[in-house]
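J.: Residue numbers (the UniProt record's numbering), protein chains in the order written: chain R, 1 to 320; chain U, 1 to 510.
From the three backbone atoms N, C-alpha and C, an ideal C-beta is built for every residue, glycine too.
Please read these numbers as outputs of a predicted model, since none were measured by experiment.
Here's a structure for you.
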C-alpha cells in the first residue's frame, strides 16, 4: 500500500480509497450472500441509482467551485411534478422534457446570479431555492400524479440486454453519458479548469485574470440542469410526480460526492469519485436488503459513519 | 545601464482618493525597458496603490498612464496582462490544488480538438520554467512545493505571456537568503532580455543589490527618483520617513534614562523560526523597557509572536524566571504572565461590537477561568480604575468600542491586558494611527508600568518613540537581530545608521 501510495500522485488517493471501499463492501456481500456477486446486482446498482449519479455529477461541479447546492432534491421533485402534470395535460413528450430542463437550468441560473451578484453564501441561497422548488410542487398538485403516457412507460420499462443476460434501463445509459460529459467539461475545457481554480482560491483565480464570474454562476446552471435531468430519470423510475418525492436526496448527493473524495472546501475531487460514492451507498443498501432482517434505516446509520470517516480522512490529508 | 530614450511605462500626474484618504497625489512615475526599478516608501506611502493603478485594479481620479508611448486605461488586471503588464503579488496568488503547468498557463491553455491539450501544456510550461532556470516537474501539484518555488512559478506565469513589464510586489518577504539569490538571478535574466521590472521590497540590502533606479513615495506624494548608485542609504531613509537627519537628532530628548537591574524575567537564546526571524538572543529584566527598532518587515512582529507563542519557534529555547518554557500557544504564555497587544487592534485585539466594560471583563474572566465568576462589584471597580488610569474617553463603561477613536481603542486594548496583570507586556505598534496627545499618554503609561516592575517590549516604527522610552534598544534588519544598544546614550541617528546597514558604531554590544 505504501509503495502504491508513492507511485500514485497524492491527489488520486481519496478516489482510490473510495474504490477500495466499494470493492470491500461488495466483497463482503459476495462472501456472505449467495447471488450477490452477479452482473445483475451490479446492473441494479446503476438502475436504482441512475438519478443519483446524475445529481452527484452536477453536485461535483458546485462543490469543486467551493459552493454547495441544497436545492437539487426539491428540483428533482419539481421536475417529476412538471413531467407528470405536463403529460396528464397532453403535452408531447419532447416539450415536457424541454420544459423540465429549462426550468431546472433557469432555477440554477437564478441562484447562481444571486450568489455571485450579492455575494451571499450558497448555503442560504440554495436553501431558499430548495423551499421554493418544493413549494412550487404543491402549487401544481398536492397529490401524487401518476404517469400514464405510453411513450414514457415504454422508455421506463424498456430493457437493454447486455452480454451475460444482464439488463439495464435507458436511465443507466443517460446517467453514464452525463458522467462522461461532466468528465470532459471538467478536465478538458477552460471552464472546467476555471471551476477548479475558483475552488482552489477564488481571489487568486481572479487576479490570474480568469473568468471567475462565469464559472461561479455556471456551476449552478449545470447543477440545476443535472437536477432537472435527474428528475426526468426519477419520473421514469417512479412513473409518478409527487411533491414529496426525493426528500433529502440533496444530502445523499452531497454524501456521495464527499465519500467519493471531493473536498467540501472546493478545488479537489473528481466526477468519477462521485460515481463510485453513489455505488458505495447503493451497495450498502443492497447489502442490507440481502440481509433481510435489518431495517432500511441501517443504511442511513452506515452512511453517517462513512461520511464522518471520510471527512476525517480528508482533513488529515489536507493538513499534511 | 544604458538609458533607452523612451520609457515603457509613463505615469503622469496620477491622483487617487479613497473615502477620507488621498492615496496618491500628482505622482509621476516612469519605467524603462531593461531596468529593475525599486519603488520605495514606508507602509501607507502609496506603493501598492500606485502598482494597482498601473495594473488596472484601481482607476486614477486624474492623470495619464501610457504604455510604450500610447495612452492606456485598464479596467481590470486581465486587460493589463493582455497589454503585457504582469504582476506577482506578495502573497502567492496561485491555486495550490492544480498542477504547476496549469498554474502557469491557466486561462491560456493550448487547445486541440476543442479540449485542453495537456501534453502541449506541460511542454509549454517546461519551456517557460527552463527560460528562468527553474527545475520542477510541470505535472506535479503546486501545493507540494515550498512557498519559494511557488513564487518562482508565479513569475513563470507572469512571463509565460509576452511580458514587457513585470511587477514584483514584495516577492521576497517569505523567502530565505538562498531563495532570494535565486529570485535575483531570474530577475537579472529577465532584465537582460529587456523586460522592465518594478520591484517593491522593504529590505534595503536587496533594493541596493538588485535595482538600477528607484522612486521614493511618502504619504502618497512623489519624493524623488534616483539612480540607485547615486543615493546613499541614509539619504534614502531620510526621504522615506520624511525628516532629514539633523532634525532626527534634534528630537532626541532628555527623558531620564534608567538602568533597571531587576532579575532577568525572560531570556531567549537562539530562538528563531525559519522564514520569520533568524535565531536571536534576548533577555528582558523586570521593570525594563526594551525597544524593538527596524523597518517594516524586519521581523519585529515575528520576534514578538515567538515570545508570545503565537508562532512556534523551530529553534532555540525560552527561559522565564530561569525555567525553560515550551510555548505551544499563547495560553502558556499568558499563564506565564506574558501579554501581547497586537498591532492589528481591530482584527486581533478587541471585540468592536461589545462595550468597554465587556471587553475588559472578557480578559479578566479569561485570566481567572470560567469556574470562578467575577462578582459584579469587583468588575465595576476594576473597570472604573482602568477607565480613570488610562483616561479613556468617553469614561462610560457601556460605550461600544467601535464608537471610540483609535487612541481610545488602543487604551482599552492596553487596559484589557493590564487587568490580567502581566509581568511582560509586549506592545506591537501601540501608537500607530493615534493622535499626539494619546501617544504621549501611552508612552507615559509604559514608563509608569516599568517603574512598577512590569517588563515591556515596545515595538514601534517611529524611531524617536523607541529611543525616547526604551532602556535598551534591539535593532532588527532583514529578519535578523543586528545590534543591541543602550537606550540612555543612543540617538535616533545611530539607529537609522544601523537600520540602513552602514558601519556599526562602537557601542554595539551584540
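Using a C-beta cutoff of 8 Å, does residue 78 of chain U count as contacting chain R?
T.: True, the Cβ-Cβ gap to chain R drops below 8 Å.
J.: Mark residue 311 of chain R as exposed unless 16 or more other C-beta atoms lie within 10 angstroms of its C-beta, in which case mark it buried.
T.: By the 10 Å Cβ count, residue 311 of chain R comes out exposed.
J.: Note the first and the last residue of the continuous alpha helix (DSSP H) segment covering residue 406 of chain U.
T.: Note, residue 406 of chain U: alpha helix (DSSP H), 406-418.
J.: Between residue 224 of chain R and residue 73 of chain R, how many whole angstroms is the CB-CB distance? I'm expecting something under 8 Å.
T.: So it is not a contact: roughly 13 Å between Cβ atoms.
J.: Could you check the C-alpha separation between residue 254 of chain U and residue 287 of chain U for me, to the nearest Å?
T.: Below a pLDDT of 50, predicted positions are generally treated as unreliable, and residue 254 of chain U, at 37, falls in that range; the measurement from the model is reported next regardless. Residue 254 of chain U and residue 287 of chain U: Cα-Cα distance of roughly 20 Å.
J.: Got a sec? Which residues, its chain only, sit under 8 Å from residue 133 of chain R by beta carbon, not counting five neighbours each side?
T.: 71, 74, 75, 77, 78, 107, listed in sequence order.
J.: Give me, in chain order, the residues of the same chain whose beta-carbon lies closer than 6 Å to that of residue 202 of chain U; leave out the 5 immediate sequence neighbours on both sides.
T.: Within the same chain, residue 202 of chain U has close Cβ partners 295, 296, 297.
J.: Can you confirm whether residue 168 of chain U, when its beta carbon is compared against all beta carbons of chain R, has any partner nearer than 8 Å?
T.: Judged by the 8 Å Cβ criterion, residue 168 of chain U is not in contact with chain R.
J.: Compare the C-beta of residue 267 of chain U against all C-beta atoms of chain R and say whether one is closer than 8 Å.
T.: So, not an interface residue.
J.: So which residues of chain B does residue 272 of chain R contact, with C-beta pairs closer than 7 Å?
T.: Considering every chain present, this structure includes no chain B. Its protein chains are R and U.
J.: Going along chain R, which residues have a C-beta under 9 Å from residue 93 of chain U?
T.: Here the neighbours are 201, 203, 204, 205, 206, 207, 208.
J.: Can you tell me which of U/453, U/211, U/108, U/208 puts its alpha carbon nearest to the alpha carbon of residue 193 of chain R?
T.: Nearest of U/453, U/211, U/108, U/208 to residue 193 of chain R, Cα basis: U/108.
J.: Report the residue from U/53, U/113, U/126 whose alpha carbon sits nearest the alpha carbon of residue 12 of chain U.
T.: Taking only the C-alpha atoms, the option nearest residue 12 of chain U is U/53.
J.: By the DSSP assignment, the beta strand (DSSP E) with residue 225 of chain U in it spans what residues?
T.: Residue 225 of chain U -> beta strand (DSSP E) spans 221-227.
J.: State yes or no: is the beta carbon of residue 197 of chain R nearer than 8 Å to at least one beta carbon in chain U?
T.: Answer yes: the Cβ-Cβ gap between residue 197 of chain R and chain U drops below 8 Å somewhere.
J.: Is it right to say residue 496 of chain U is buried, meaning 16 or more other beta carbons lie within 10 angstroms of its own, or is it exposed?
T.: Residue 496 of chain U should be labelled buried.
J.: Would you identify the three-state DSSP class for residue 48 of chain R, choosing helix, strand or coil?
T.: In this structure, residue 48 of chain R counts as helix in the three-state DSSP scheme.
J.: Given that residue 268 of chain R touches chain U, what residues does it touch there, using C-beta distances under 9 Å?
T.: Near residue 268 of chain R (Cβ distances below 9 Å), the residues of chain U are 97.
J.: Apply the 10 Å Cβ neighbour rule to residue 35 of chain R and answer buried if 16 or more other Cβ atoms are within range, or exposed otherwise.
T.: By the 10 Å Cβ count, residue 35 of chain R comes out exposed.
J.: If you draw a straight line from the C-alpha of residue 453 of chain U to the C-alpha of residue 425 of chain U, how long is it?
T.: Cα-Cα distance, rounded: 11 Å.
J.: Checking contacts by CB at 8 Å: is residue 141 of chain U closer than that to chain R?
T.: Interface residue, yes.
J.: Should residue 94 of chain R be labelled buried (16 or more other beta-carbon atoms within 10 Å of its own) or exposed?
T.: Classification of residue 94 of chain R: exposed, given that the 10 Å Cβ count is below 16.
J.: Roughly how many angstroms separate the alpha carbons of residue 456 of chain U and residue 290 of chain U, rounded to a whole number?
T.: Rounded to the nearest angstrom, the two C-alpha atoms are 6 Å apart.
J.: For residue 83 of chain R versus residue 245 of chain R, is the C-beta spacing smaller than 8 Å?
T.: Their beta carbons are not under 8 Å apart, which means residue 83 of chain R does not touch residue 245 of chain R by this criterion.
J.: Quick one: what does DSSP say residue 428 of chain U is sitting in, helix, strand or coil?
T.: Three-state result, residue 428 of chain U: strand.
J.: Between the region 168-190 of chain R and chain U, which residues of the former have a C-beta closer than 9 Å to a C-beta of the latter?
T.: Under the 9 Å Cβ criterion, the region 168-190 of chain R contributes 184, 187, 188, 189, 190.
J.: Under a Cβ-count criterion, where at least 16 other Cβ atoms within 10 Å of its own Cβ denotes burial, should residue 87 of chain U be classed as buried or exposed?
T.: Classification of residue 87 of chain U: buried, given that the 10 Å Cβ count is 16 or more.
J.: Measuring only the C-alpha atoms, how far is residue 212 of chain U from residue 163 of chain U?
T.: Spanning the two alpha carbons is a distance of roughly 19 Å.
J.: Please list the partners that residue 81 of chain U has in chain R, where partner means a Cβ-to-Cβ separation under 9 Å.
T.: Result: 208, 209.
J.: Give the single residue among U/340, U/343, U/307, U/342 whose Cα lies nearest to the Cα of residue 326 of chain U.
T.: For the residues U/340, U/343, U/307, U/342, the minimum Cα distance to residue 326 of chain U belongs to U/307.
J.: Provide the residue(s) that pair with residue 397 of chain U in DSSP beta bridges, ordered along the chain.
T.: DSSP lists no partner for residue 397 of chain U.
J.: Can a CB atom of chain U be found closer than 8 Å to the CB of residue 214 of chain R?
T.: With 8 Å as the cut-off, residue 214 of chain R does not count as an interface residue toward chain U.
J.: Going by the CB atoms, is the gap between residue 80 of chain U and residue 8 of chain U shorter than 8 Å?
T.: Result no, Cβ atoms of residue 8 of chain U and residue 80 of chain U do not sit closer than 8 Å.
J.: Pick helix, strand or coil for residue 208 of chain R, following the three-state DSSP scheme.
T.: Correct three-state label for residue 208 of chain R: coil.
J.: Out of R/156, R/197, R/236, which has the shortest C-alpha to C-alpha gap to residue 61 of chain R?
T.: Out of R/156, R/197, R/236, R/197 has the C-alpha closest to the C-alpha of residue 61 of chain R.
J.: Assign residue 428 of chain U to one of two classes, buried (16 or more other C-beta atoms within 10 Å of its C-beta) or exposed (fewer than that).
T.: By the 10 Å Cβ count, residue 428 of chain U comes out buried.
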